[in-house]
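Step one of this worksheet: look at the structure below.
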Amino acid sequence: MASPSLRDAVGGLDRDPFVSLLGKLIGESRRLQNDPPALVPQEDLVAQHVVDALLPVSTETGGGPLVVRKVSYAEGRSNVIVEYPGTVPGRAISFVGMHMDVVPANPDEWDFDPFSLTFDSEDKDKLRGRGTTDCLGHVALVAQLMRRLGEVKPVLKHSVIAVFIANEENSLITGIGVDGLVKDGLLDKLKNGPLFWIDTADKQPCIGTGGVITWHLKAIGKLFHSGLAHKAINAMELNMEALKEIQTMFYNDFPPHEKEKLYKFATPSTIKPTKWSYPGGGLNQIPGECTISGDIRLTPFYSTTSVVKKLQEYVHDINENIEKLPTRGPVSKYVLPDENLRGRLEITIDEDIMNGVACNLESRGFQALCKATEEIVGHVEPYSITGSLPLIRELQDEGFDVQTAGYGLLKTYHAKNEYCLFSDMAQGFQVFLSIISQLEADV
1 MASPSLRDAV GGLDRDPFVS LLGKLIGESR RLQNDPPALV PQEDLVAQHV
51 VDALLPVSTE TGGGPLVVRK VSYAEGRSNV IVEYPGTVPG RAISFVGMHM
101 DVVPANPDEW DFDPFSLTFD SEDKDKLRGR GTTDCLGHVA LVAQLMRRLG
151 EVKPVLKHSV IAVFIANEEN SLITGIGVDG LVKDGLLDKL KNGPLFWIDT
201 ADKQPCIGTG GVITWHLKAI GKLFHSGLAH KAINAMELNM EALKEIQTMF
251 YNDFPPHEKE KLYKFATPST IKPTKWSYPG GGLNQIPGEC TISGDIRLTP
301 FYSTTSVVKK LQEYVHDINE NIEKLPTRGP VSKYVLPDEN LRGRLEITID
351 EDIMNGVACN LESRGFQALC KATEEIVGHV EPYSITGSLP LIRELQDEGF
401 DVQTAGYGLL KTYHAKNEYC LFSDMAQGFQ VFLSIISQLE ADV
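If you count by the UniProt record's numbering, then the sequence shown holds residues 1 to 443, one letter each, in order.
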């Protein structure tokens, strides 16, 4: 059980200040949407609300022990680092990943205003608005944890550190969020204990995520009249057959991995098309080029570098043996010898490749998270998905012991009509206290 003294002293999550702060954050969410260049978030709006909530119990005002620091790498785009100092040097427990940007929302598609905090008339537990689940609800939650520590001032051997970050929802701009903080060494002391990334959902430990590789496969043939199909190279047929061959080779080279069962991945690695485009033309024209785009979701037990190399080899092999690719019908072909024409493929891999994560299941932090979850939620069921979380693999590679959890709802993640439940957030608050108490008992 968690330490009664800490639990009793800090108490539960107080609804009024939590909802008050969350309301301020959701009220800023129109200006937190992250989809550049059209939508560039101003995380400093949220950062200032967090700072304002914590300053009364900070060293800056003399009202408490919290050390509060804003760090900005771009105008209007702040990060906030908050530390409750412990008594033993080299001991830290950190809560990171509570990001202050959100994905875009179209008010015309919602049943309520996404940019203000509202309540369901039939269910006061529901807190509605863009960011309630991802991730402004977590910002408000961890801010309340730090505020209560600052008010109660328990004697802790570990320093408890919270890091509220900018720029999680888009990777086009880099170096201004947690990546910038790591580069400048501002998070080095977090390596002295488990780092809990608070940006998942459903109150259970997320122990594995997938990597992402996005690709574009262009087929180039010969445009011609559809009534003279024998004189054309149909780029659509070429691309469909080539993609089928690429998928077959991928699944042979990257089959389900034995560790996926241990980590309870919902799916193995996959490659699939998600988008189709071509220059346009009439229904009586056989297209001369087209592009199929898609992604690969890769479990963390395979190397994204190896996959990219294999994709390039697949395309090269198909181009070299284009005559062997299956055709569709008696005049379908990918080579026109009389015209010295060969269909061909080109593959482009986007630069923003993301690596998956497999959390350390032997970590003391993982053990504490599981025990706290079972104690507070009533059961513990760690899970893994090939959805992706940016940035945390980089933290892991830098030597941080990353564990992940979250207390929003997966079914409303990035969705229309987003909401969270106050009762879930309240359980998350107690999980955090249990984790701190367990780790304190180790020292």
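Don't be surprised by glycine CBs; every beta carbon is placed ideally from N, CA and C.
I'd like the list of long-range same chain contacts for residue i, defined as Cβ closer than 8 angstroms, with 5 residues on each side in sequence excluded.
i: residue 171; result: 352, 354, 390
i: residue 388; result: 209, 210, 211, 212, 297, 354, 356
i: residue 137; result: 22, 127, 131, 407, 408, 420, 425
i: residue 281; result: 223, 287
i: residue 36; result: 170, 172, 173
i: residue 120; result: 126, 128, 419
For residue i, report the span of its beta strand (DSSP E) as first-last.
i: residue 77; result: 77 to 84
i: residue 349; result: 344 to 349
i: residue 294; result: 289 to 298
i: residue 42; result: Residue 42 -> no beta strand (DSSP E), and no H or E assigned at all.
i: residue 311; result: Taken as a continuous stretch (DSSP letters only), residue 311 belongs to no beta strand (DSSP E), being part of the alpha helix (DSSP H) at 304 to 320.
i: residue 125; result: 123 to 128
i: residue 162; result: 159 to 165
i: residue 74; result: 67 to 74
i: residue 283; result: Counting along the chain, residue 283 falls outside any beta strand (DSSP E), and DSSP gives it neither H nor E.
i: residue 208; result: 206 to 209
Taking Cβ to Cβ, would you say residue i is nearer than 8 angstroms to residue j?
i: residue 141; j: residue 23; result: no
i: residue 58; j: residue 161; result: no
i: residue 31; j: residue 42; result: yes
i: residue 115; j: residue 246; result: no
i: residue 277; j: residue 129; result: no
i: residue 176; j: residue 77; result: yes
i: residue 323; j: residue 335; result: yes
i: residue 53; j: residue 101; result: no
i: residue 85; j: residue 365; result: no
i: residue 169; j: residue 79; result: no
i: residue 10; j: residue 152; result: yes
i: residue 68; j: residue 82; result: yes
i: residue 376; j: residue 431; result: yes
i: residue 266; j: residue 345; result: no
i: residue 239; j: residue 219; result: yes
i: residue 405; j: residue 200; result: yes
i: residue 178; j: residue 96; result: yes
i: residue 133; j: residue 413; result: yes
Grab me the residues of residue i's own chain with a C-beta within less than 7 angstroms of its C-beta, minus the 5 sequence neighbours each way, in chain order.
i: residue 253; result: 310
i: residue 110; result: 416, 417
i: residue 401; result: 194, 195, 360, 363, 365
Taking the C-alpha atoms as reference points, what is the distance between residue i and residue j?
i: residue 88; j: residue 440; result: 11 angstroms
i: residue 124; j: residue 19; result: 11 angstroms
i: residue 380; j: residue 127; result: 25 angstroms
i: residue 163; j: residue 268; result: 32 angstroms
i: residue 71; j: residue 350; result: 30 angstroms
i: residue 410; j: residue 262; result: 22 angstroms
i: residue 73; j: residue 202; result: 32 angstroms
i: residue 8; j: residue 65; result: 20 angstroms
i: residue 217; j: residue 157; result: 55 angstroms
i: residue 385; j: residue 295; result: 15 angstroms
i: residue 6; j: residue 159; result: 15 angstroms
i: residue 302; j: residue 260; result: 11 angstroms
i: residue 190; j: residue 16; result: 31 angstroms
i: residue 275; j: residue 14; result: 46 angstroms
i: residue 343; j: residue 227; result: 20 angstroms
i: residue 338; j: residue 316; result: 24 angstroms
i: residue 185; j: residue 442; result: 27 angstroms
i: residue 90; j: residue 397; result: 20 angstroms
i: residue 326; j: residue 270; result: 23 angstroms
i: residue 332; j: residue 237; result: 8 angstroms
i: residue 320; j: residue 373; result: 55 angstroms
Could you spell out the range, first to last residue, of the alpha helix (DSSP H) harbouring residue i?
i: residue 139; result: 136 to 152
i: residue 240; result: 235 to 253
i: residue 371; result: 364 to 377
i: residue 426; result: 422 to 442
i: residue 397; result: 392 to 397
i: residue 26; result: 15 to 27
i: residue 179; result: 178 to 183
i: residue 262; result: 259 to 262
Does the beta carbon of residue i come closer than 8 angstroms to any beta carbon on chain D?
i: residue 437; result: Note that chain D does not occur in the displayed structure, where there is just one protein chain.
Can you list, in chain order, the residues of its chain with a C-beta nearer than 6 angstroms to that of residue i? Leave out the 5 residues immediately preceding and following it.
i: residue 98; result: 135, 138, 139, 142, 164, 198
i: residue 3; result: Only weak support exists for where residue 3 lies, its pLDDT of 46 falling under 50; the coordinates are left without a value.
i: residue 105; result: 114, 130
i: residue 56; result: 63
i: residue 293; result: 216, 275
Worksheet item: Within the chosen definition, does the stretch 189 to 208 reach the stretch 357 to 367 through at least 3 CB pairs nearer than 8 angstroms?
Response: yes
Discussion item. Measuring CB atoms only, is the stretch 220 to 230 touching the stretch 412 to 430, in the sense that at least three cross pairs come out at less than 8 angstroms?
Written reply: No, they do not touch.
Discussion item. Check whether the stretch 231 to 241 and the stretch 280 to 292 touch, using three or more Cβ-Cβ pairs below 8 angstroms as the test.
Written reply: Short answer: they touch.
Worksheet item: Between the stretch 430 to 437 and the stretch 369 to 378, do three or more beta carbon pairs fall short of 8 angstroms?
Response: yes
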